[in-house]
RNA sequence: GGCCCCAUCGUCUAGCGGUCAGGACACCGCCCUCUCAAGGCGGAGGCGGGGGUUCAAUUCCCCCUGGGGUCACCA
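In my numbering, the protein residues as written are 148 to 625.
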């Protein structure tokens with residue numbers, strides 16, 4: 148009864164230790180989808196319990212990333228909620244209280260070894276040997292009261308076994324001999340992940356823990372903690388780890404892990420989100436391009452594959468191109484592209500003009516960053532001529548001079564006007580069309596690969612075209 | 001190394017005992033064509049190995065191999 152009435156609640160619990168990681172975005176996505184699928188809640192909780200690795204501003208970046216991807220959350224550090232605060236550093240008293248409770252109930256004990264001693268024990272025994280279990284409780288309490296630095300460790304019941312059920316893999320039985328007496332509360336009063344995570348997940352009503360596979364082997368620790376507290380277990384789902392092309396898990400060493408990097412490269416949030424969805428999940432009908440809403444609609448854990456996928460930049464870029472040319476509206480695309488034009492120092496005159504250019508360029512760039520690079524000549528006369536373009540202008544100089552006369556004489560630059568005129572021009576001289584087009588293309592754009600000539604002439608306009616023709620001809624004379 | 005997870009084209013995947021093993025990216029060719037793309041059509045490319053179970057294994061079981069994860073007062 149109580150179990151059935153629990154609203155599905157998921158969370159993403161990132162550590163503010165650096166740039167917002169694509170792995171975090173990936174896990175957040177599945178947490179978000181599962182919560183929405185069930186009409187439940189999605190929480191963001193900041194796990195800032197490692198003072199050494201804390202990075203100023205990282206929390207803000209993470210929250211921005213989630214918003215950028217469209218993964219809105221119901222509770223979080225910046226918006227609050229019924230279980231505030233959502234930063235673990237602001238919940239220290241809670242963890243201490245629960246750790247002490249475990250000491251009293253016999254599920255945990257105080258240990259007084261120094262880091263140096265631990266290092267020595269690790270070398271000799273291969274890990275902590277639980278020696279502080281032998282300290283009589285009264286003595287341990289006395290030492291603690293006297294202010295002796297110490298940690299609180301989980302007293303793993305031994306011998307014994309602990310069963311862990313992963314919803315994606317089934318049940319795994321762990322021999323408790325393999326489960327270490329992990330530190331729950333550090334000597335600085337901060338909790339470790341294990342304690343803080345379990346306490347908060349319980350207090351915040353998290354019903355479904357969706358996290359990276361890196362946590363799979365420490366799940367028995369968490370199961371033991373739930374049992375020690377007498378709390379109901381959540382369901383566990385361990386998502387595969389994203390891998391770099393080499394094979395190892397995606398890391399700063401093996402690839403680009405920062406979502407900010409992808410954003411800067413001109414990847415659309417929709418495309419990144421869609422691509423990440425494909426890492427393990429597939430639509431029943433095999434569709435690869437789909438919205439968040441469509442994913443939520445179709446989502447089923449049965450369709451999640453746990454083999455670790457390689458994060459492939461090539462396919463991400465292809466998908467980004469697909470969004471640019473087929474999914475976004477021209478208006479949306481124009482808005483997305485503006486910051487990149489600005490960054491390149493380009494001015495687009497008017498939205499109407501920008502959209503006309505975009506219409507022509509849409510099938511010809513795959514990242515927003517590419518647009519200013521490939522379409523520069525639409526916005527300024529200040530562009531370079533490719534080496535091959537210069538040659539093309541030289542070869543076609545005679546043709547260009549004659550062509551200039553023709554273009555000048557045209558009443559307008561609509562395709563309906565320019566196309567027959569240029570074709571007739573070529574035919575009269577017995578020239579293949581390309582013998583006319585390539586020099587012209589090179590002269591007015593500085594490159595050999597551009598959108599179709601007639602559309603381009605219309606967009607650029609007569610003045611610009613004639614001006615550039617003159618300039619190109621002068622260029623080769625010099 | 002111990003323990004744990006995983007295993008279909010190069011990559012992402014569909015498959016849930018009987019399929020010509022399907023799709024997507026990338027690659028190659030053709031078409032379209034003023035260039036380059038986009039688009040359309042076609043091609044090449046895969047069930048890691050060995051045992052079982054079964055009339056029948058990509059599919060179920062076991063072993064091996066391979067890959068990954070984890071063994072902190074980091075998460």
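Glycine residues also receive a C-beta, built at the ideal position from the N, C-alpha and C atoms.
For clarity, every value in this text was computed on a predicted model and none was experimentally measured.
What are the boundary residues of the beta strand (DSSP E) that residue 483 is part of? Walking along the first chain from the start, residue 483 turns up at place 336. Looking at the DSSP string, residue 483 is not in any beta strand (DSSP E); the run it does join, the alpha helix (DSSP H), is 477 to 490.
Beta-carbon proximity of residue 560 to residue 605, cut-off 9 Å: Locating residue 560 in the first chain gives position 413, counting from the first residue. Locating residue 605 in the first chain gives position 458, counting from the first residue. Their beta carbons are under 9 Å apart, which means residue 560 touches residue 605 by this criterion.
Of all the options 378, 351, 262 and 420, which has the alpha carbon lying nearest to the alpha carbon of residue 145? The structure shown has nothing for residue 145, since the chain only spans 148 to 625.
Measuring alpha carbon to alpha carbon, tell me which residue in 296, 343, 424 and 539 is nearest residue 243. Against the first chain, residue 243 aligns to sequence position 96. Residue 343 holds the alpha-carbon nearest to the alpha-carbon of residue 243 among 296, 343, 424 and 539.
Can you tell me which of the three DSSP states residue 316 falls into? As a working mapping, residue 316 is identified with position 169 in the first chain. Here residue 316 sits in coil by DSSP.
Please report the Cβ distance between residue 463 and residue 418, rounded to the nearest whole angstrom; I am assuming they are in contact, meaning their Cβ atoms lie under 8 Å. Walking along the first chain from the start, residue 463 turns up at place 316. Walking along the first chain from the start, residue 418 turns up at place 271. Cβ-Cβ separation between residue 463 and residue 418: approximately 7 Å, consistent with a contact (criterion under 8 Å).
What's the gap between the Cα of residue 194 and the Cα of residue 226? Along the first chain, one-based indexing puts residue 194 at 47. Along the first chain, one-based indexing puts residue 226 at 79. Rounded to whole angstroms, residue 194 to residue 226 spans 16 Å at the Cα level.
One or two residues paired with residue 386 in a DSSP bridge: Against the first chain, residue 386 aligns to sequence position 239. When DSSP reads this structure, residue 386 sits in a beta bridge with 359.
Pairwise C-alpha distance: residue 185 and residue 382: Taking the first chain and counting its residues from 1, one reaches residue 382 at position 235. Taking the first chain and counting its residues from 1, one reaches residue 185 at position 38. Rounded to whole angstroms, residue 382 to residue 185 spans 14 Å at the Cα level.
Within this structure, are the beta carbons of residue 626 and residue 407 separated by less than 9 Å? Outside the displayed range of the chain (148 to 625) lies residue 626, so it cannot be described from this structure.
Pairwise C-alpha distance: residue 291 and residue 285: Here residue 285 refers to the residue found at position 138 when the first chain is read from its first residue. Here residue 291 refers to the residue found at position 144 when the first chain is read from its first residue. If you take the alpha carbons of residue 285 and residue 291, they lie about 10 Å apart.
Please state whether DSSP places residue 436 in a helix, a strand or coil. Translated into the one-based positions of the first chain, residue 436 becomes position 289. It is coil, neither helix nor strand.
Leaving out five residues before and five after residue 551 in sequence, what residues of the same chain have Cβ atoms less than 6 Å from its Cβ? Position 404 of the first chain, counting from 1, holds the residue named residue 551. Apart from sequence neighbours up to five positions away, the residues of its chain that approach residue 551 with a beta-carbon distance below 6 Å are 616, ordered along the chain.
Where the beta strand (DSSP E) through residue 330 begins and ends: Translated into the one-based positions of the first chain, residue 330 becomes position 183. 330 to 332 is the span of the beta strand (DSSP E), which, as asked, contains residue 330.
How big is the Cα-Cα spacing for residue 523 and residue 591? Counting from one through the first chain, the residue named residue 523 turns up at place 376. Counting from one through the first chain, the residue named residue 591 turns up at place 444. When rounded, the distance between both Cα atoms is 12 Å.
Among residues of its own chain, excluding the 5 on either side of residue 510, which ones have a beta-carbon nearer than 6 Å to its beta-carbon? Position 363 of the first chain, counting from 1, holds the residue named residue 510. Only 472 meet the Cβ criterion.
Pop quiz: residue 158 and residue 351 are said to be a contact at Cβ under 8 Å. What is the actual Cβ separation, rounded to whole angstroms? Numbered from its first residue, the first chain carries residue 158 at position 11. Numbered from its first residue, the first chain carries residue 351 at position 204. Yes, they are in contact, since the Cβ atoms of residue 158 and residue 351 sit about 7 Å apart, within 8 Å.
Rounded C-alpha distance that separates residue 149 from residue 434: Position 2 of the first chain, counting from 1, holds the residue named residue 149. Position 287 of the first chain, counting from 1, holds the residue named residue 434. The predicted position of residue 149 is uncertain, since its pLDDT is 45 and thus under 50; no value can be drawn from it.
Every unbroken alpha helix (DSSP H) within the region 435 to 468, with a cutoff of 4 residues, ordered by chain: List check, alpha helix (DSSP H) in window: 439 to 445.
Check whether the region 437 to 445 touches the region 197 to 204, taking contact to mean three or more Cβ pairs, one atom from each stretch, closer than 8 Å. Taking 8 Å as the limit for Cβ pairs, the verdict is that the region 197 to 204 does not touch the region 437 to 445.
Inter-residue spacing [alpha-carbon to alpha-carbon] between residue 354 and residue 495: The residue you call residue 354 lines up with position 207 of the first chain. The residue you call residue 495 lines up with position 348 of the first chain. Approximately 51 Å between the Cα atoms of the pair.
Whole angstroms are fine: how far does the CA of residue 514 sit from the CA of residue 333? Reading the first chain from its first residue, position 186 is the one you call residue 333. Reading the first chain from its first residue, position 367 is the one you call residue 514. The straight-line gap from Cα to Cα measures roughly 46 Å.
Assess, as a yes-or-no matter, whether the region 249 to 258 is touched by the region 214 to 221 under the definition of 3 or more beta carbon pairs within less than 8 Å. No: fewer than three Cβ pairs fall under 8 Å.
Work out the CA separation of residue 181 and residue 153 for me, nearest whole Å. Here residue 153 refers to the residue found at position 6 when the first chain is read from its first residue. Here residue 181 refers to the residue found at position 34 when the first chain is read from its first residue. Distance between the alpha carbons of residue 153 and residue 181: 14 Å.
At which residue ranges does the region 263 to 328 contain complete beta strand (DSSP E) runs of 3 or more residues, listed in the order of the chain? Qualifying beta strand (DSSP E) stretches, in chain order: 298 to 301, 308 to 313 and 317 to 322.
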